[in-house]
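J.:
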Ligand code: BGC
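Residue numbers (my numbering): 1 to 933.
(1) Given residue 647, which residues of its chain have a CB within under 7 Å of its CB, disregarding the five upstream and five downstream residues?
(2) Taking contact to mean 3 or more Cβ pairs, one atom from each stretch, closer than 8 Å, check whether the segment 825 to 835 and the segment 577 to 593 are in contact.
(3) State the DSSP-derived secondary structure class of residue 505, mapped to helix, strand or coil.
(4) Only counting runs of 3 or more residues, tell me where the beta strand (DSSP E) segments fall wholly within the segment 356 to 411, in order along the chain.
(5) Residue 32: buried (16+ other C-beta within 10 angstroms of its C-beta) or exposed?
(6) For residue 933, which residues from the same chain have a beta carbon less than 8 Å from its beta carbon, with the 5 sequence-adjacent residues on both sides left out?
(7) Near residue 148, which residues of its chain fall below 8 Å by C-beta distance, leaving aside the five closest residues on each side in sequence?
(8) Assign residue 928 to one of three DSSP states: helix, strand, or coil.
(9) Verify the contact flag: residue 250, CB atom, against every heavy atom of ligand 1, threshold strictly below 7 Å.
(10) Find out if the Cβ-Cβ distance for the pair residue 97, residue 803 is shorter than 8 Å.
(11) Could you pull the start and end residues of the alpha helix (DSSP H) that residue 494 belongs to?
(12) Can you name, in chain order, every residue of its own chain whose Cβ lies under 7 Å from the Cβ of residue 846, other than the five neighbours on each side?
(13) Just to confirm my understanding: we take residue 422, look at its own chain, exclude 5 residues before and 5 after, and list those with CB closer than 8 Å. What are they?
(14) Starting from the N-terminal end, write out each residue whose C-beta falls within a distance shorter than 5 Å of any non-hydrogen atom of ligand 1.
(15) Looking at the secondary structure, which residues open and close the alpha helix (DSSP H) in which residue 527 lies?
(16) Between 856, 899 and 885, which has its C-alpha nearest residue 923's C-alpha?
(17) Hey, which unbroken runs of the beta strand (DSSP E) at 3 residues or more fall wholly within the segment 183 to 213?
(18) What's the C-alpha gap between residue 162 and residue 128?
(19) So which of 595, 928 and 852 has the shortest CA-CA distance to residue 872?
(20) Taking the CB atoms as reference points, tell me whether residue 523 and residue 749 lie closer together than 8 Å.
(21) Looking at the secondary structure, which residues open and close the beta strand (DSSP E) in which residue 439 lies?
(22) Looking only at DSSP bridge pairs, what is residue 848 linked to?
(23) Output the distance between the C-alpha atoms of residue 684 and residue 717, rounded to the nearest integer angstrom.
(24) Looking at the structure shown, is residue 462 part of a helix, part of a strand, or coil, going by DSSP?
(25) Would you tell me roughly how many angstroms separate the C-alpha atoms of residue 743 and residue 734, rounded to the nearest one?
(26) Is the Cβ-Cβ distance between residue 230 and residue 273 less than 8 Å?
(27) Can you check whether the CB of residue 345 is closer than 8 Å to the CB of residue 610?
(28) If the criterion is Cβ atoms closer than 8 Å, does the pair residue 445 and residue 350 meet it?
(29) For the beta strand (DSSP E) containing residue 175, list its first residue and its last residue.
(30) Using only the alpha-carbon positions, how far apart do residue 919 and residue 360 sit?
(31) What is the rounded straight-line gap between the Cα of residue 95 and the Cα of residue 696?
(32) Applying the 10 Å Cβ sphere with the 16-neighbour rule, what's the burial state of residue 515?
(33) Considering only the alpha carbon of each residue, which of 236, 393, 507 and 448 lies closest to residue 519?
(34) What residue from 72, 122, 67 and 99 has the CA that sits closest to residue 91's CA?
(35) Less than 6 Å between C-beta atoms, sequence neighbours within five positions excluded: which residues of the same chain meet that for residue 372?
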């Protein structure tokens, strides 16, 4: 009896615990980052997620505590901020509103959420630390910094500042004493272009190619590291290596009107040690450091490669006790002209290790390694041989028919790394025997194949390892369908996007370009934001764009403006507005809009005043960039029937941008601007219609898909004319192009959604699943493991023909998620607070399994259809709700976990219309099923 009672008690307790644990607060973020160090925002924003296995969970209020110590936080002593209980369902980007946050200080925070299912607190406390903020008693323009800029502002005899810029890396070191128990030690560092940091021989952090690139004339980043564990009692050594990056850029004294370079590498470093007794010590970069530029990294050039001579190493140089008496003093050098700011986006890291699939020897004795995948990063080599022996590694995306590398599409980039062997293992190496391991520090390459010359002995695949490098962003999406072509395109897109994130979104990672072209991402960025958590990367890019604006208001085609391209095009700079809009929709981040509103408005005004004649924009440079040309060997079509009038494109875009600007004006409290923008819109619409619409033919301009899709999708076209315009688009694709794509970068940005919205989802599906030219599937069928720059990437002139470019994805990924999976945010309640789930079911597609980690949590949509049955499993995160569009022959046939919808919890039928049951659901997991025709 007693035993039974005890068991019952335990069972009851377990049940209570279980009930309690059914809502959790997790994924705490400050400024959208997990426990960030060194932020420089006076009012950081806090976010969290609620997670639950129950249905219908929502937050009713919250309370945030920010404390100066972990102990205080535990005791609920929010000495820095205690928000009190705030009645609100918001859990995203809540503004800090406490005491002034101090420069360099570390803070701890937690949150309690009050929900309709009870109260829950975050289980772990989170933290953040402030960067160097205070601007008093400091050298001009430098915030909180006591450090001095040091470097070596000249070339050495082995360097070259000609077109083929070569510069050896700068090695800098400093020893210091630390004699008490360390409470906290923090390094603030800006090493331009790139740096590696060591303390007592140990590399600090797992970031690579840091800091992220900026237009150094306007701003540059510092990074913050917690090095408490690395500081020893007694002697310590601080050491850094500086590489060129984009600062001492890849081409020097060559086409100076095009390439910008910023100077010789330089370092600003501040180490702050706080001791247990409250005292402090500061170690800063200054003239007391030691420098050597005659070390192992002989040259590092992002286009041409890195050369490392291990015979020139300084064994032990980054640790204590090294004799640096022969090293020289660094120069005190000028600070870069821009503002120093904290890097608030993720650093680049080695995100994946890639094992080569094969290695072949050619008749000439060279080896060719196949990584099995085109990607961007570097190659790690394991080698054993004689001291002074050199191996050469040259990279390419594909091979020629004779098995040699195909390098014509790399233009003048030499992409060659050279490693000179040490002759024995490294002193700290764990590798067996005399094995040496090497990989570059300051370059990356875009490649699938590597040519290996002069390798001692016979190399095998085990001697190599590929490192995929991109910004350390979480992969937030997964997407799989019954169609293998679509699956392979999705996979290729993932690799393409990852390869082209380099602290900014670049066009391609392999040839002598690698520039952040704005037009390539205008709409693509939206699809990418389902696949990767790219909120901070793109918010950073918006800042790059603003910084590249001229005083007159012009925006560049490339930002940061490493290349001087200001062509006053509408379609490339449009990215500034479309992507800020997407950051708001997708991640709920209003800051880019608030921060850049004035500068966007300035650009809109500049374009209007300079290029608008009778409400038509008369300037366009790129047209519908890269449409499928009439000959497979061409880069650009010359046949005018394939090209779309640039004035039409520019004017349609400008019109569309005005609608975003109206939204932004309302959001930022600039209501008077709304009227101005809307009046201008009306005038443009009238003029557009008059100029480009052909009344006889009932279509726009010369009838291309792009010429008709833009006015249709942007709602310039009056409703009464839409049917004929859709018919024209359909005919163009179906009859003239034999169910194939005919658009370039511009048209493809709206193609899939446009067709679907106007009743042509089956045609969209055909384009997405084609394997023949031109199509994304054609690329995959012809060996692509990423996305090509050109539809005819396997046959076109190599002059502009990258095999790893993402611009032609257009709106394909958005279509995958929003239309095929049917996951989209309701734009009146941004950031997926309200979700609209409306899948499109094209003929021939049997299932879709997709998920997306939104800012509120995981959304899942998995549907399958067959035998007149439709089954749909859905997950909606806590603190959100959704409206789902369930295909069915009648509302009565819809069930949820076997029950009629009226009887299922958290489910409410709103209406049944045109074969769709529109159902409102609360958070939770659901299994719907219905009969369809
Ligand atoms: C780049 C493109 C870019 C274009 C515009 C090309 O060289 O690779 O992606 O948008 O130029 O001119």
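In this text, a Cβ means the ideal position worked out from N, Cα and C, and glycines have one as well.
In this text, all values refer to a predicted model and were calculated from it rather than measured experimentally.
T.: Working from what's here:
(1) For the purposes of this step, residue 647 is taken as the residue at position 647 of the chain shown. Contacts found: 616, 617, 618 and 620.
(2) Result yes; three or more Cβ-Cβ pairs closer than 8 Å.
(3) Counting from 1 along the chain shown, the entry for residue 505 is found at position 505. Residue 505: strand per DSSP, three-state reduction.
(4) With a minimum length of 3 residues, the continuous beta strand (DSSP E) runs that stay inside the segment 356 to 411 are 358 to 361, 367 to 383 and 390 to 396.
(5) By one-based count along the chain shown, residue 32 stands at place 32. Residue 32 is buried by the Cβ-count criterion.
(6) Locating residue 933 in the chain shown gives position 933, where the first residue counts as 1. Cβ-Cβ distances below 8 Å link residue 933 to 868, 889 and 915 in the same chain, with the five nearest sequence neighbours on each side left out; the list follows chain order.
(7) Locating residue 148 in the chain shown gives position 148, where the first residue counts as 1. Around residue 148: 139, 268, 284, 285, 286, 287 and 332.
(8) Position 928 of the chain shown, counted from the first residue, corresponds to residue 928. Strand at residue 928.
(9) The residue given as residue 250 occupies position 250 in the chain shown. Outside the cutoff, so no.
(10) Taking the chain shown and counting its residues from 1, one reaches residue 97 at position 97. Taking the chain shown and counting its residues from 1, one reaches residue 803 at position 803. It is not a contact, given that the beta carbons lie outside the stated cut-off.
(11) Counting from one through the chain shown, the residue named residue 494 turns up at place 494. Counting along the chain, the alpha helix (DSSP H) containing residue 494 begins and ends at 484 to 499.
(12) Counted from its first residue, the chain shown places residue 846 at position 846. Closer than 7 Å at the Cβ level, and outside the excluded window around residue 846, lie 482, 864, 865 and 866.
(13) Here residue 422 refers to the residue found at position 422 of the chain shown. For residue 422, where only same-chain residues beyond five positions count, the Cβ hits under 8 Å are 310, 311, 313, 387 and 436.
(14) After applying the 5 Å Cβ criterion, the set is 507, 517, 519 and 520.
(15) Reading the chain shown from its first residue, position 527 is the one you call residue 527. Unbroken alpha helix (DSSP H) run through residue 527: 524 to 531.
(16) In the chain shown, counting from the first residue as 1, residue 923 sits at position 923. Closest in alpha carbon position to residue 923, among 856, 899 and 885, is 856.
(17) Taking 3 residues as the shortest admissible run, the segment 183 to 213 contains the following complete beta strand (DSSP E) segments, listed from N- to C-terminal end: 194 to 199.
(18) Along the chain shown, one-based indexing puts residue 162 at 162. Along the chain shown, one-based indexing puts residue 128 at 128. Cα to Cα, the separation comes out at about 45 Å.
(19) One-based indexing of the chain shown puts residue 872 at position 872. Across the set 595, 928 and 852, the C-alpha of 928 shows the shortest separation from the C-alpha of residue 872.
(20) In the chain shown, residue 523 corresponds to position 523, counting from 1. In the chain shown, residue 749 corresponds to position 749, counting from 1. Cβ atoms of residue 523 and residue 749: closer than 8 Å.
(21) Taking the chain shown and counting its residues from 1, one reaches residue 439 at position 439. Careful: residue 439 lies outside any beta strand (DSSP E) and carries neither H nor E.
(22) Translated into the one-based positions of the chain shown, residue 848 becomes position 848. Residue pairing by DSSP places residue 848 opposite 481 and 863 in a beta bridge.
(23) For the purposes of this step, residue 684 is identified with residue 684 of the chain shown, where counting begins at 1. For the purposes of this step, residue 717 is identified with residue 717 of the chain shown, where counting begins at 1. Between residue 684 and residue 717, the C-alpha separation is close to 12 Å.
(24) Your numbering for residue 462 matches position 462 in the chain shown. Of the three classes helix, strand and coil, the one that applies to residue 462 here is helix, per DSSP.
(25) Residue numbering aside, residue 743 sits at position 743 when the chain shown is read from its first letter. Residue numbering aside, residue 734 sits at position 734 when the chain shown is read from its first letter. Whole-angstrom Cα-Cα distance: 13 Å.
(26) Walking along the chain shown from the start, residue 230 turns up at place 230. Walking along the chain shown from the start, residue 273 turns up at place 273. Not in contact: residue 230 and residue 273 (Cβ atoms no closer than 8 Å).
(27) By one-based count along the chain shown, residue 610 stands at place 610. By one-based count along the chain shown, residue 345 stands at place 345. Result no, Cβ atoms of residue 610 and residue 345 do not sit closer than 8 Å.
(28) Mapped onto the chain shown, residue 445 falls at position 445. Mapped onto the chain shown, residue 350 falls at position 350. No, Cβ-Cβ distance for residue 445 and residue 350 is not below 8 Å.
(29) Your numbering for residue 175 matches position 175 in the chain shown. Segment 170 to 178, the beta strand (DSSP E) holding residue 175.
(30) Your numbering for residue 919 matches position 919 in the chain shown. Your numbering for residue 360 matches position 360 in the chain shown. When rounded, the distance between both Cα atoms is 59 Å.
(31) Counting from one through the chain shown, the residue named residue 95 turns up at place 95. Counting from one through the chain shown, the residue named residue 696 turns up at place 696. If you take the alpha carbons of residue 95 and residue 696, they lie about 57 Å apart.
(32) Stepping through the chain shown from its first residue, residue 515 is reached at position 515. By the beta-carbon neighbour count (other beta carbons within 10 angstroms, threshold 16), residue 515 is buried.
(33) Here residue 519 corresponds to residue number 519 of the chain shown, with the count starting at 1. For residue 519, the closest alpha carbon among the candidates 236, 393, 507 and 448 is that of 507.
(34) Taking the chain shown and counting its residues from 1, the one referred to as residue 91 is at position 91. Restricting attention to 72, 122, 67 and 99, the CA atom closest to the CA of residue 91 is found in 122.
(35) Taking the first residue of the chain shown as 1, we reach residue 372 at position 372. Correct list, in chain order: 357.
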